[in-house]
Amino acid sequence: EAGIVIAGGGHAGGSAAAFLRQYGWKGPITLVGAEPILPYQRPPLSKAWLKGEATAESLALRPARFYTQQNITARLGERVTGIDRAAQRVILSGGGTLGYHRLILALGARPRPLPVPGADLPDVLVLRSAADADALQAALKPGRRLAVIGGGYIGLEVAASARALGAEVTVIEREPRVLARVAGQNISAFLQDHHRAQGVGILLGAAVEAILGDAAGVSGVQLRDGTVVPCDAALIGIGAVPEEGLARDAGLACGNGITVDLAARTEDPAIYAIGDCAFRPLPLYGRSMRLESVPNAIEQAKQAAADICGRAPPIPEVPWFWSDQFALRLQMAGLAFSPAQAVVRPAAEGEGFAVFHLAADDSVLAVEAVNAPAEFMAGRLLVAKQQRVPAALLRDAAQPLRELTG
Ligand code: FAD
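Residue numbers (full-length UniProt numbering): 3 to 408.
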């Protein structure tokens, strides 16, 4: 009996297996995962886990007994190497094949390589998997110098955790500000100041020319202007590229990621794609995009499981994301594609603040909150409703947000 095959045992794949059972799928489910461990959460790898504040067990998405109880077969340490669409079966790295009634591609993304000399030296690291996190943690000791190439979320989170472990950290960012692709100006400026105040060196507009060192290890990062940032380890965190090769080879449409609809279906009715590897519609913004977040992995797992079980697709969610750096909790909802203005509002409680991004017609496109959970929650509702709110009202902390969200 051909059942559901899930290729990729990460956050999206693990969630899809659970939702399939929850929504009533009774047939076989086989999860094929390249990593040797059951589905786990990646966010702590750069945060609590890296600082030694979380156990390996607490990373697991679900305990091992869940898979036995739910009759989900996990084939770990094995890869799907090909898809035979005509015969509805996948080819496995071990040589065998596995027939499917429905196939869910949950392949994730891999760190974007940095094409410079020296990128393959010892102690030049990336952070995607638990194994990567082990190697990074081993390289972070008090007084050791870490160069972080890329001022994105992972780079900044690792910088904060590395400081907590007593390491010396320099962040090297090519753009004129950190988080240039994913956050507004206010947040970038605030985080740069905060990191610097915590002793993190931040170099902006700095292009990496080469990574220096020898077989014994890395010794520094050389910038285009000739500056050398000395280091004992380097982390490359310049984004991720979707694992779409399998789908491409099988003739499925790919953009930046595997193209799917709001039920996570590819153009082949028997094949779905979810999570970091999927190029998905964003109905709120009238365009498609690839999202790299846990909420997106879960939402798309629901979409695929619902469709396979003959249920209506869930109502599309507002994209959202979080990040922890030092004592800061950042929460972002919505995407500010062409904002007309940014409005800063102090948090009702504590020292935090929120930035609301408004379109030209005053509708709320996105909110970014720093230690301001109530403002984040209210902002998320405003984004979902695409509500118009005059900037003067948003800016005025004396105007309760609860009334604005109706
Ligand atoms: P993954 O979790 O990457 O899983 C894909 C799996 O498929 C991997 O195990 C891979 O080995 C496997 N695979 C690939 N190819 C094959 C194949 N051919 N056959 C079999 N298996 C294969 N998101 C947030 O929302 N908030 C955060 O704070 C946050 N922090 C993060 C911190 C770090 C360090 C990282 C790396 C990510 C973070 N993210 C965060 C992003 C979030 O973890 C991802 O969006 C999420 O893991 C995506 O789930 P996924 O299942 O699509 O991909």
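Yeah, the Cβ is synthetic: ideal placement off N, Cα and C, and Gly gets one too.
Open item on the list: Suppose you measure from the CA of S48 to the CA of A132; what does that come to, to the nearest Å?
Closed with: 10 Å
Open item on the list: For a test of your reading of the model: does the CB of I39 fall under 6 Å from any non-hydrogen atom of the ligand FAD? Yes or no.
Closed with: no
Task: Spatial neighbours of A169 in its chain, beta-carbon cut-off 6 Å, leaving aside the 5 residues before and after - done: L142, R146 and L148
Open item on the list: Does V391 come out as helix, strand or coil in the three-state DSSP assignment?
Closed with: coil
Open item on the list: Is any non-hydrogen atom of the ligand FAD found closer than 6 Å to the C-beta of W324, if you look at the structure I gave you?
Closed with: yes
Task: Close-in-space but distant-in-sequence residues of the same chain around R390 (CB under 7 Å, 5 per side omitted) - done: D363, D364 and S365
Task: Residues near Q401 by beta carbon distance below 6 Å, same chain, minus five either side - done: L395
Task: A70 - containing alpha helix (DSSP H), residue span - done: Reading the sequence as shown, one finds Thr at residue 70 and not Ala. First-last of the alpha helix (DSSP H) with T70: A66 to Q71.
Task: Beta-carbon proximity list for residue 413, same chain, < 6 Å, skipping 5 on both sides - done: The shown model of the chain, from 3 to 408, leaves out residue 413, and the question about it has no answer.
Open item on the list: Which residue wins for smallest C-alpha separation from P375, given the options T57, V296, F281 and W322?
Closed with: W322
Open item on the list: Check for me: the beta strand (DSSP E) holding D326 runs from which residue to which?
Closed with: W322 to Q327
Open item on the list: Just checking: is the beta-carbon of R64 within a distance shorter than 7 Å of some beta-carbon in chain C?
Closed with: In summary, chain C is missing from the structure at hand, where a single protein chain is found.
Open item on the list: Taking DSSP's pairing of strands, which residues face A135 in a bridge?
Closed with: In the DSSP output, where bridge partners are listed per residue, A135 has none listed.
Task: Every unbroken alpha helix (DSSP H) inside the region 273-316 [4 residues or more] - done: 296-310
Task: In DSSP terms, what C233 is bridged to - done: Partner(s): none; C233 has no beta bridge.
TODO: Under 8 Å by Cβ, that's how I've got I156 and V210 pegged, so tell me the actual separation to the nearest angstrom.
DONE: Wrong, their Cβ atoms sit about 16 Å apart, outside the cutoff.
Open item on the list: At the level of alpha carbons, what is the spacing between V320 and H359?
Closed with: 14 Å
TODO: Out of L367, R104, Q187 and R77, state which residue places its alpha-carbon closest to the alpha-carbon of P271.
DONE: R104
Task: Buried versus exposed call for T268 [16 or more other C-beta atoms within 10 Å across all chains shown] - done: buried
- [ ] State the DSSP-derived secondary structure class of R267, mapped to helix, strand or coil.
- [x] strand
Open item on the list: I need the DSSP call for V385, collapsed to helix, strand or coil.
Closed with: helix
Task: Three-way DSSP call (helix, strand, coil) for G203 in this model - done: strand
Open item on the list: Do P144 and G219 count as a contact pair if the criterion is CB distance below 7 Å?
Closed with: no
Open item on the list: Let's see if you can read the secondary structure: which residues bound the beta strand (DSSP E) around V346?
Closed with: Q343 to P348
TODO: Provide the residue span of the beta strand (DSSP E) that contains R77, from first to last.
DONE: I74 to L78
Open item on the list: Any heavy atom of the ligand FAD inside 6 Å of the beta-carbon of D251?
Closed with: no
Task: the region 83-94 / the region 12-26 touching (three or more Cβ pairs under 8 Å) - done: no
- [ ] With a floor of 3 residues, list each beta strand (DSSP E) that falls wholly inside the region 146-233, ordered by position along the chain.
- [x] 147-151, 170-174, 203-205, 210-216, 219-225 and 230-232
Open item on the list: Assuming Y25 and A307 are in contact, meaning their beta carbons sit under 8 Å apart, how far apart are those beta carbons, in whole angstroms?
Closed with: 5 Å
TODO: Taking only heavy atoms of the ligand FAD into account, decide whether any of them is closer than 6 Å to the Cβ of D278.
DONE: yes
- [ ] Please name the residue in A4, V231, G10 and G5 whose C-alpha comes closest to that of I276.
- [x] G10
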